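Undergrad: First the structure, then my questions, so here it is.
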């Protein structure tokens, strides 16, 4: 995202580095994108920029250089982190078994104003917000700017629980990048949850900001704070909402997961198995932001509903936000971004839909004049999604201009679409569909690419359906001719599967049917049964 202003105090960062590294970096024209300098004993130093990593062409790091660096910074805490007073830079130690420092990761800390432009509307909603993303993607920088915006622009009482002094910087006086927010330091990382509760009880905050929530005690403390009506803003490591939900330690932040055993009546009503996975509690955080990279973020609002859908195997469809070159906020649903399909491989779709795999297809096939039972027109396909995102199907149908509609029960459906994992469970909806003769189309996974292929192939599905319908009508005409006195009737050539369906129809009417010829011209001849067998 394009910042309005950036405070990084690079000189203070460079001053503590070994002289050979400092001099080399000063000659680099790309210092504004510097992220980290990695120093390991006996190895050449490495430098990490936003877009690349480089090994510096310098001599290997010595004990003396590491020792000098550690003397220029603050003391390492129990979490092996230290800083430089009145700056936001972070220095993390790697120790040998005897506690000797043998490596240091030196990260540049920045206060970047303007990083919250894309979520200004969310900040004004007074809802608790959780930021997710891999390490180094910029979560803490956004958190720091949120503290400034809330305390200065919105004039709220903000308390920062700063466990590693990373948000407010090292030393007793907090960095000006956090605005008017107050900062509570934590003596030991394992006490973070106690300080969180203390902040609420002693200092009457309207907002509490926490960096790097990672324990079950912290998750419980966060729920306690949220239940007291205090707005929470926090970060956690995790790529996306789905991975967080599967994390047993932190899943409570978004409601948690529990297994529920349903009664027979409720299971029948839902059309599911008796054992289902459901959200345990209301989510602590009402909004989840996935920080994809330094340019884009994905926004999940109404987290409770999103989690419920994930537990039903429905992939979430967050809103993607970013700033263009002029600083304007752009928003777009993830599944309808330009050129989205180019990001996916063409899927291999395992389907029963084109094979209509059930023994009662005859019920489905008794249609006349190109219209389905209950007056539904064959040109508008009625789809029942099971375990598939309905909103995604609607969006893709609009995108491809496909003539279809979504229905809520099997009786109104022309085709049921589900995933392989759902089909294997044999839920009531699928079982009833097959008993009713409704085709079931199986997707390998509930992904945009799979659903896209299904939507795009609906036209060819209808052509196959129409062809089979004509073949079965041909068999029914043969039945009438035999009943009217014909000794035998020859049907039109069909493929093996269609002939199998014709054989079933004829056998159910006590007629003999025999296939003749070679593919693709193989056909069925129908005879009346005699006392000798045929």
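Residue numbers (the working numbering): 308 to 841.
We treat Cβ as the ideally placed atom computed from N, Cα and C, and that holds for glycine.
Fair warning: this is a prediction, and the values are worked out from it, not measured in the lab.
1) Flag this pair as touching only if the segment 502-511 and the segment 526-537 have three or more C-beta atom pairs under 8 Å; answer yes or no.
2) So residue 503 is in the alpha helix (DSSP H); what residue range does that whole segment cover?
3) Of all the options 512, 829, 459 and 611, which has the alpha carbon lying nearest to the alpha carbon of residue 559?
4) Residue 588 lies in the beta strand (DSSP E); which residues open and close that run?
5) What does DSSP give as the partner residues of residue 834 in its beta bridges?
6) With a cut-off of 8 Å on the beta carbons, I'd call residue 346 and residue 411 a contact; round off their distance for me.
7) Once you ignore the five residues that flank residue 810 on each side, which residues in its own chain have a CB closer than 6 Å to its CB?
8) Below 8 Å on the Cβ atoms is my contact criterion, and I expect residue 327 with residue 435 to pass it. Report the Cβ-Cβ distance as a whole number of Å.
9) List in chain order: all unbroken alpha helix (DSSP H) runs of 4+ residues lying wholly within the segment 722-789.
10) Leaving aside the five residues before and after residue 320 along the sequence, list all residues of the same chain whose C-beta is less than 6 Å from its C-beta, in chain order.
11) What runs of the beta strand (DSSP E), each 3 residues or longer, lie entirely inside the segment 324-401?
12) Pick from 630, 384 and 625: whose alpha carbon is nearest that of residue 640?
13) Taking the CB atoms as reference points, tell me whether residue 541 and residue 439 lie closer together than 7 Å.
14) Are residue 369 and residue 387 close, meaning C-beta to C-beta below 7 Å?
15) Applying the 10 Å Cβ sphere with the 16-neighbour rule, what's the burial state of residue 746?
16) Please classify residue 409: does DSSP put it in a helix, a strand, or coil?
17) Mind pulling the beta strand (DSSP E) runs of 3 or more residues that sit fully within the segment 433-506?
18) Taking the alpha-carbon positions, what's the residue 829 to residue 802 distance?
19) Grouping DSSP H, G and I as helix and E and B as strand, with all else coil, what is residue 419?
20) In chain order, what residues of the same chain have a beta carbon less than 8 Å from the beta carbon of residue 407, not counting five sequence neighbours either side?
21) Bridge partners for residue 564 per DSSP, in chain order?
22) Just to confirm the assignment, what range does the beta strand (DSSP E) spanning residue 530 have?
23) Give the single residue among 587, 561, 569 and 487 whose Cα lies nearest to the Cα of residue 607.
24) Can the beta-carbon of residue 709 be found closer than 7 Å to that of residue 798?
25) Classify residue 729 as buried or exposed, calling it buried when 16 or more other Cβ atoms lie within 10 Å of its own Cβ.
26) Rounded to a whole number of angstroms, what is the C-alpha to C-alpha distance between residue 826 and residue 804?
27) Measure the CB-CB distance between residue 690 and residue 713 and report whether it falls below 7 Å.
28) On the premise that residue 568 lies in contact with residue 582, defined as a C-beta separation below 8 Å, what is that separation, rounded to the nearest angstrom?
29) Going by DSSP in three states, residue 425 sits in which element: helix, strand or coil?
30) Along the chain, where does the alpha helix (DSSP H) that runs through residue 702 open and close?
31) Measure the alpha-carbon distance for residue 524 versus residue 500 and round it to whole angstroms.
32) Can you tell me whether DSSP reads residue 684 as helix, strand or coil?
TA: In this structure, then:
1) yes
2) Here residue 503 refers to the residue found at position 196 of the chain shown. Unbroken alpha helix (DSSP H) run through residue 503: 499-510.
3) Indexing the chain shown from 1 puts residue 559 at position 252. Selected option, being the one with the closest Cα: 611.
4) Here residue 588 is taken as the residue at index 281 of the chain shown, counted from 1. Taken as a continuous stretch (DSSP letters only), residue 588 belongs to no beta strand (DSSP E), as it is neither H nor E.
5) One-based indexing of the chain shown puts residue 834 at position 527. Residue 834 is bridged to 795 and 819.
6) What you label residue 346 is simply residue 39 of the chain shown in a count that begins at 1. What you label residue 411 is simply residue 104 of the chain shown in a count that begins at 1. A Cβ-Cβ separation of about 5 Å places residue 346 in contact with residue 411 under the 8 Å criterion.
7) Reading the chain shown from its first residue, position 503 is the one you call residue 810. So the list reads 820, once near-sequence residues are dropped.
8) Your numbering for residue 327 matches position 20 in the chain shown. Your numbering for residue 435 matches position 128 in the chain shown. With a Cβ gap of about 47 Å, residue 327 and residue 435 do not count as contacting.
9) 727-731, 735-742 and 755-763
10) Looking up residue 320 in the chain shown gives position 13. The residues are 396 and 415.
11) 341-347, 353-356, 360-362 and 388-390
12) Sequence index remark: in the chain shown, residue 640 carries index 333 (1-based). Considering only alpha carbons, the answer is 625.
13) Here the question's residue 541 lines up with position 234 in the chain shown. Here the question's residue 439 lines up with position 132 in the chain shown. No, they are not a contact pair.
14) Start at 1 with the first residue of the chain shown, and residue 369 comes out as number 62. Start at 1 with the first residue of the chain shown, and residue 387 comes out as number 80. At least 7 Å separates the beta-carbon of residue 369 from that of residue 387.
15) Taking the first residue of the chain shown as 1, we reach residue 746 at position 439. The residue in question, residue 746, is buried, as its Cβ has 16 or more Cβ neighbours within 10 Å.
16) Translated into the one-based positions of the chain shown, residue 409 becomes position 102. In this structure, DSSP gives residue 409 an extended state, which the three-state scheme calls strand.
17) 436-440, 465-469 and 489-492
18) Your numbering for residue 829 matches position 522 in the chain shown. Your numbering for residue 802 matches position 495 in the chain shown. Each residue's Cα considered, the two are about 8 Å apart.
19) For the purposes of this step, residue 419 is taken as the residue at position 112 of the chain shown. Strand, per DSSP.
20) For the purposes of this step, residue 407 is taken as residue 100 along the chain shown, with counting starting at 1. None.
21) As a first step, residue 564 is located in the chain shown; it is residue number 257 there, counting from the start. Per DSSP, 586.
22) Locating residue 530 in the chain shown gives position 223, where the first residue counts as 1. That residue, residue 530, is in no beta strand (DSSP E); its alpha helix (DSSP H) goes 523-534.
23) Indexing the chain shown from 1 puts residue 607 at position 300. The shortest Cα separation from residue 607 among 587, 561, 569 and 487 belongs to 561.
24) The residue given as residue 709 occupies position 402 in the chain shown. The residue given as residue 798 occupies position 491 in the chain shown. One thing to note: residue 709 has its Cβ no nearer than 7 Å to the Cβ of residue 798.
25) Taking the chain shown and counting its residues from 1, the one referred to as residue 729 is at position 422. Buried, since its Cβ has 16 or more Cβ neighbours within 10 Å.
26) What you label residue 826 is simply residue 519 of the chain shown in a count that begins at 1. What you label residue 804 is simply residue 497 of the chain shown in a count that begins at 1. If you take the alpha carbons of residue 826 and residue 804, they lie about 12 Å apart.
27) As a first step, residue 690 must be located in the chain shown, where it is residue number 383. As a first step, residue 713 must be located in the chain shown, where it is residue number 406. In this structure, residue 713 lies closer than 7 Å to residue 690 by Cβ.
28) Within the chain shown, the letter at position 275 stands for residue 582. Within the chain shown, the letter at position 261 stands for residue 568. About 6 Å separates the beta carbons of residue 582 and residue 568, which is inside the 8 Å limit, making them a contact pair.
29) Locating residue 425 in the chain shown gives position 118, where the first residue counts as 1. Per DSSP, reduced to three states, the secondary structure at residue 425 is helical.
30) Here residue 702 is taken as the residue at index 395 of the chain shown, counted from 1. Element bounds for residue 702: 697-707.
31) Looking up residue 524 in the chain shown gives position 217. Looking up residue 500 in the chain shown gives position 193. Each residue's Cα considered, the two are about 6 Å apart.
32) Against the chain shown, residue 684 aligns to sequence position 377. Reliability fails at residue 684, whose pLDDT of 43 lies under 50, so the model's placement of it is uncertain and no value is given.
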